[in-house]
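In this text, residue positions in the sequence shown follow this note's numbering: the first is 35, and each later residue adds one.
By construction, the Cβ of each residue, glycine as well, lies at the ideal position given by its N, Cα and C atoms.
Before any comments, here is the structure.
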Amino acid sequence: MGKKKTQATTTPIHKIIMVGAGGVGKSALTLQYMYGDFIEEYDPTKADSYRKKVVNDGEECFIDILDTAGQEEYAAIRDNYYRSGEGFMCVFSITEAESFAQSQEFRDQICRILDNEDIPLLLVGNKCDLAHLRKVSTREAEALAAEWNCQYIETSAKTPSNVNECYAMIIRLIQQQKQSANKSKSTKNENQKNCCVIL
35 MGKKKTQATT TPIHKIIMVG AGGVGKSALT LQYMYGDFIE EYDPTKADSY
85 RKKVVNDGEE CFIDILDTAG QEEYAAIRDN YYRSGEGFMC VFSITEAESF
135 AQSQEFRDQI CRILDNEDIP LLLVGNKCDL AHLRKVSTRE AEALAAEWNC
185 QYIETSAKTP SNVNECYAMI IRLIQQQKQS ANKSKSTKNE NQKNCCVIL
């Protein structure tokens with residue numbers, strides 16, 4: 035009994051925030067990943083959070099996914115959401131050039147609110163099953179990702195191409211960031227221990 039309790043308290047939790055213009059498929063991606071269902075109709079004004087236990091690269095962890103659908107216009111709510119995030123998936127639709135252009139605004143907001151550009155972030159081009167309606171080329175999206183120093187992946191919540199892969203990628207980025215932060219912390223503590231004061 036005690037063992038189970040210890041395991042529950044030590045299982046890491048990674049917080050993922052879904053951002054992007056309305057109607058690009060943030061909720062559809064999340065629901066496909068959570069439940070294996072493609073939902074065409076959902077309430078775009080409702081923010082939802084989900085928790086799932088996963089094993090990623092051999093590490094068991096919980097992921098909390100916050101879908102910010104329809105809440106972006108409320109700056110105070112948005113800022114609180116962003117501050118709680120450890121990793122961000124910036125989603126646009128490959129069939130809507132405007133949603134791609136808005137991706138820059140979302141990233142700028144995240145960097146400004148967190149006061150940091152070195153954040154686990156993934157650029158996601160959704161609706162790749164509608165390639166015949168494509169308005170944003172893969173090359174354009176890859177160029178933007180290179181500018182942001184992040185990875186780019188194309189997904190379809192419908193088929194569901196690369197859905198599991200994109201979440202695995204963002205979890206990996208969060209894990210790497212946390213490991214790096216822990217290393218820096220232990221190095222700093224070690225340096226403080228080795229520091230002597232001469233009076």
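Supposed close pair residue i, residue j - CB separation, criterion 8 Å
i	j	result
residue 154	residue 187	So it is not a contact: roughly 14 Å between Cβ atoms.
residue 241	residue 60	Since the first residue of the chain shown is 35 and the last is 233, residue 241 is not available in this structure.
residue 189	residue 164	Between residue 164 and residue 189 the Cβ distance is about 12 Å, and since that is not below 8 Å, they are no contact.
residue 122	residue 53	6 Å
residue 191	residue 62	4 Å
residue 198	residue 84	15 Å between Cβ atoms; not a contact.
residue 98	residue 47	6 Å
residue 307	residue 159	There is no way to answer for residue 307, as the model of the chain reaches only from 35 to 233.
residue 118	residue 49	6 Å
Where residue i falls, given that 16 or more other Cβ within 10 Å makes a residue buried
i	result
residue 69	exposed
residue 127	buried
residue 136	buried
residue 167	exposed
residue 87	exposed
residue 89	exposed
residue 111	exposed
residue 151	exposed
residue 39	Caution is warranted here: a pLDDT of 49 is assigned to residue 39, below 50, making its placement in the model unreliable, and the coordinate value is therefore given only provisionally. With fewer than 16 Cβ atoms within 10 Å of its Cβ, residue 39 is classed as exposed.
Cβ neighbours of residue i in the same chain (closer than 6 Å, five flanking residues each side left out)
i	result
residue 116	144 and 147
residue 196	187 and 189
residue 133	55, 58, 126 and 127
residue 200	158, 187 and 189
One or two residues paired with residue i in a DSSP bridge
i	result
residue 47	96
residue 122	51 and 155
residue 87	96
residue 188	159
residue 101	52 and 82
Residues of its chain near residue i, where Cβ-Cβ distance is below 7 Å and the 5 sequence neighbours each way are ignored
i	result
residue 109	none
residue 65	71 and 73
residue 45	94, 95 and 96
residue 131	169 and 170
residue 161	59, 127, 128, 129 and 190
residue 28	This structure cannot speak to residue 28, because the chain is shown only from 35 to 233.
Beta-carbon proximity list for residue i, same chain, < 8 Å, skipping 5 on both sides
i	result
residue 182	141, 155 and 157
residue 41	Residue confidence for residue 41 is low, a pLDDT of 49 falling below 50, so the modelled location carries little weight; the figure read from the coordinates is stated next. If we look at residue 41 and ignore the five residues flanking it on each side, it has no Cβ neighbours.
residue 76	61, 62, 65 and 103
residue 138	178
residue 210	154
Residue i: CB within 8 Å of a non-hydrogen atom of the ligand GTP
i	result
residue 119	Absent from the structure shown: the ligand GTP. Ligands present: none.
Test: residue i CB closer than 9 Å to a CB of chain C
i	result
residue 204	In the displayed structure, chain C is absent; only one protein chain is listed.
Next item on the list: Please go through the stretch 124-173 and give each complete alpha helix (DSSP H) segment of 4 or more residues, from N-terminal end onward.
Entry: If we require 4 residues or more, the alpha helix (DSSP H) runs fully inside the stretch 124-173 come out as 131-148.
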